[in-house]
Amino acid sequence: MDKSVLDPIIRVEQLVKIYDAEVPLRALDGVSLDIWRGEFVAVMGHSGSGKSTLMNVLGALDRPTEGRYLLEGEEVGEMDVEELANLRNRRVGFIFQSFNLLLRLTALQNVMLPIRYRVEHRISAEEREEVSIAALESVGLGDRLHHRPNQLSGGQQQRVAIARALINQPSLLLADEPTGNLDSKSSEELMGILQTLNRQGVTIVMVTHEPDIAGYAGRIIHMKDGQIFSDGQNGSKRNPERIPVAQQEINE
17 MDKSVLDPII RVEQLVKIYD AEVPLRALDG VSLDIWRGEF VAVMGHSGSG KSTLMNVLGA
77 LDRPTEGRYL LEGEEVGEMD VEELANLRNR RVGFIFQSFN LLLRLTALQN VMLPIRYRVE
137 HRISAEEREE VSIAALESVG LGDRLHHRPN QLSGGQQQRV AIARALINQP SLLLADEPTG
197 NLDSKSSEEL MGILQTLNRQ GVTIVMVTHE PDIAGYAGRI IHMKDGQIFS DGQNGSKRNP
257 ERIPVAQQEI NE
């Protein structure tokens with residue numbers, strides 16, 4: 017059995033993050049956590065609970081003050097600037113509340129960006145376009161390839177963001193309040209897409225303050241004052257029971 021399957025995709029040990037100000041802010045206060053390949057995890061908490069700081073550390077957008085972060089067994093804290101940039105480009109996909117699309121580019125051009133900037137396994141312009149079109153078709157936007165963000169609804173823009181996040185086939189998908197700018201119908205459609213991706217094996221960690229959105233995840237973590245307050249499986253009917261890959265291997 018491949019040991020990497022049994023190891024967690026994410027392991028954080030005693031993470032501390034202190035922001036220096038007039039009064040130092042301890043945004044993370046000794047967080048330890050394992051997330052397994054194939055899980056869909058929602059992280060909840062009030063403003064200031066530490067959930068966004070944890071997401072930034074997991075996405076290699078910020079470094080912890082103390083503690084360790086391992087992604088697929090590799091110590092992220094030991095990576096240099098170039099290695100971190102490559103990790104964000106190839107191994108982690110991001111979905112943000114504000115979509116973060118470039119307004120001057122079409123949907124297709126936005127999705128192609130991560131492929132253009134990756135260092136390893138570069139492909140031709142023709143191949144970039146081909147795989148990007150396929151990604152947009154997979155989220156139901158095959159007829160919106162040449163529309164710019166201001167010609168798309170909020171839900172459609174977030175679908176473009178999902179296609180862009182997945183274009184390099186990352187190990188981990190991070191979603192930060194992905195439904196925050198969407199209406200109820202678009203939110204349900206988006207969460208349905210994320211559930212489908214998760215059933216296909218994509219590991220997802222999502223920050224949300226909305227209980228109904230967290231209900232789509234298989235596991236819900238609550239944070240408070242920079243610490244994990246609770247961590248448990250979700251029995252909601254929104255989320256069909258799904259056994260993480262590691263547990264499947266153990267059971268077999």
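Take 17 as the starting number for the sequence shown in the numbering used here and just add one per residue. Cβ coordinates follow ideal geometry from the N, Cα and C atoms, glycine included.
Say whether the stretch 187-205 touches the stretch 170-177, bearing in mind that this needs 3 or more beta-carbon pairs closer than 8 Å, one atom from each stretch. yes
Specify, as a first and last residue, the run of the alpha helix (DSSP H) that R104 falls within. 97-106
C-alpha distance - G251 paired with A230, whole-angstrom precision: 11 Å
Could you have a look at I322 and say whether DSSP puts it in helix, strand or coil? Any property of residue 322 remains undetermined from this structure, which presents the chain solely from 17 to 268.
In the DSSP assignment, what are the bridge partners of H238? M60, S246
Which residue's Cα is closest to the Cα of R27: G89, A181, E94? G89
Alpha carbon to alpha carbon, how far is Q167 from R84? Give it in angstroms, no decimals. 43 Å
Close-in-space but distant-in-sequence residues of the same chain around A191 (CB under 6 Å, 5 per side omitted): I111, M222
Between the beta-carbon of L75 and the beta-carbon of V39, is there less than 7 Å? Inspection of the sequence shows that residue 75 is occupied by Gly rather than by Leu. Not a contact, by the Cβ cut-off of 7 Å.
Tell me which same chain residues have a C-beta within less than 8 Å of the C-beta of E145, skipping the five on either side of it? L124, M128
N- and C-terminal bounds of the alpha helix (DSSP H) containing L124: 123-133
Do the CB positions of N184 and F56 come within less than 7 Å of each other? no
How far does the alpha helix (DSSP H) with E153 in it reach, from first residue to last? 141-154
Between the stretch 42-58 and the stretch 232-239, are three or more C-beta pairs nearer than 8 Å? yes
Hey, quick one: how far does the beta strand (DSSP E) through A28 stretch, first residue to last? According to the sequence shown, residue 28 is Val rather than Ala. Start and end: 26-35.
For L210 versus A179, is the C-beta distance shorter than 7 Å? no
Helix, strand or coil, according to DSSP, for E90 in the structure here? strand
For Q30 and L121, what's the separation of their Cα atoms in angstroms? 41 Å
Is it right to say R132 is buried, meaning 16 or more other beta carbons lie within 10 angstroms of its own, or is it exposed? exposed
Mind checking M17: buried by the 16 CB within 10 Å criterion, or exposed? Low local confidence applies: a pLDDT of 37 at M17 is under 50, so the model's placement there is unreliable, and no value is given.
For G208, the nearest candidate out of R106, A141, G156 (CA to CA): G156
Residues near L100 in its chain [Cβ-Cβ closer than 8 Å; skip 5 each side]: A76, V92
Give a yes or no on whether the C-beta atoms belonging to E204 and T224 are separated by under 7 Å. no
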